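Under my numbering, the first residue of the sequence shown is numbered 1106, with each subsequent residue one higher.
Think of the CB as a built atom: it goes at the ideal place given N, C-alpha and C, for glycine as much as any other residue.
Being a predicted model, the structure only gives us computed values, none of them experimental.
The structure under discussion appears below in the form of structure tokens.
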Amino acid sequence: MDKFLKYLEYVLVHEGGYQADKRDPGNANGGATNFGVTQAVYNEYLASSGKKPQSVAAITRREVEAIYRVKYWLRIKGDELPLGWDYAAFDLAVNSGTIRAIKFMQELANRHGAGLEEDGVMGAKTVAAIRALPREALDKYIDMRLNFMRDLKAWDTFGKGWTSRVEGVRSKAKSLLK
1106 MDKFLKYLEY VLVHEGGYQA DKRDPGNANG GATNFGVTQA VYNEYLASSG KKPQSVAAIT
1166 RREVEAIYRV KYWLRIKGDE LPLGWDYAAF DLAVNSGTIR AIKFMQELAN RHGAGLEEDG
1226 VMGAKTVAAI RALPREALDK YIDMRLNFMR DLKAWDTFGK GWTSRVEGVR SKAKSLLK
């Protein structure tokens, strides 16, 4: 099985189905999401596919896969990252954006002397730097994510669930490390 599809299953467990909780900062200014896809992202996808706008509640599994592959997986170069890192970065990218996922990797690699530009772009140098990191660096990456989330205004409302998700990602990602 394509590892993207395997990891997508893990991510979708956390993303869930349709919801429109106005307190959720991931709902793009009080909008709705379905399978983690915001209405705004779905509108972009439909427009790029030459389709008419419709509610994200009607999104299909095929559309979800296409959006996640192009908007998240390919941008983080998931197929080029080491096992464990690929899943951790993918879940972070989905939850907090690809730029943040990549910048956290670049910042961490720089702590190990990589000398990368922290630009949020996943290039060959960033991939190589991640491959060169020691195993324990993955924990630090996941810690960076959790620390970022703790500073969000919605932490008091969603912190328990976010922590559960991140610790689940940590456990799964570490089990994938070679």
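Per DSSP, the bridge partner or partners of residue i
i: Asn1139; result: Val1142
i: Gln1124; result: Thr1138
Beta-carbon spacing of residue i, residue j below 9 Å
i: Val1274; j: Leu1197; result: yes
i: Lys1182; j: Val1146; result: no
i: Tyr1050; j: Thr1138; result: Residue 1050 cannot be examined here, being either before or after the span of the chain that is shown, 1106 to 1283.
i: Ala1194; j: Ala1219; result: no
i: Glu1120; j: Val1199; result: yes
i: Leu1257; j: Gly1189; result: no
Three-way DSSP call (helix, strand, coil) for residue i in this model
i: Ser1154; result: coil
i: Ser1276; result: helix
i: Leu1114; result: According to the sequence displayed, residue 1114 carries Glu and not Leu. Note: Glu1114 maps to helix in three-state DSSP.
i: Gln1159; result: coil
i: Met1254; result: helix
i: Gly1220; result: coil
Rounded Cβ spacing between residue i and residue j (contact assumed at less than 8 Å)
i: Ala1242; j: Leu1213; result: 6 Å
Proximity test, residue i beta-carbon vs the ligand MN heavy atom, cut-off 8 Å
i: Tyr1115; result: Although the ligand MN was asked about, the structure shown includes no ligands whatsoever.
Practice prompt. Count the CB pairs spanning the segment 1184-1204 and the segment 1224-1242 that are closer than 8 Å, and state whether there are at least three.
Written response: By the criterion of at least three beta-carbon pairs nearer than 8 Å, the segment 1184-1204 is in contact with the segment 1224-1242.
Discussion item. When you compare the segment 1229-1248 with the segment 1261-1276, are there three or more beta-carbon pairs, one atom per stretch, that lie closer than 8 Å?
Written reply: As far as the Cβ criterion goes, the segment 1229-1248 touches the segment 1261-1276, which means the pair count is three or higher.
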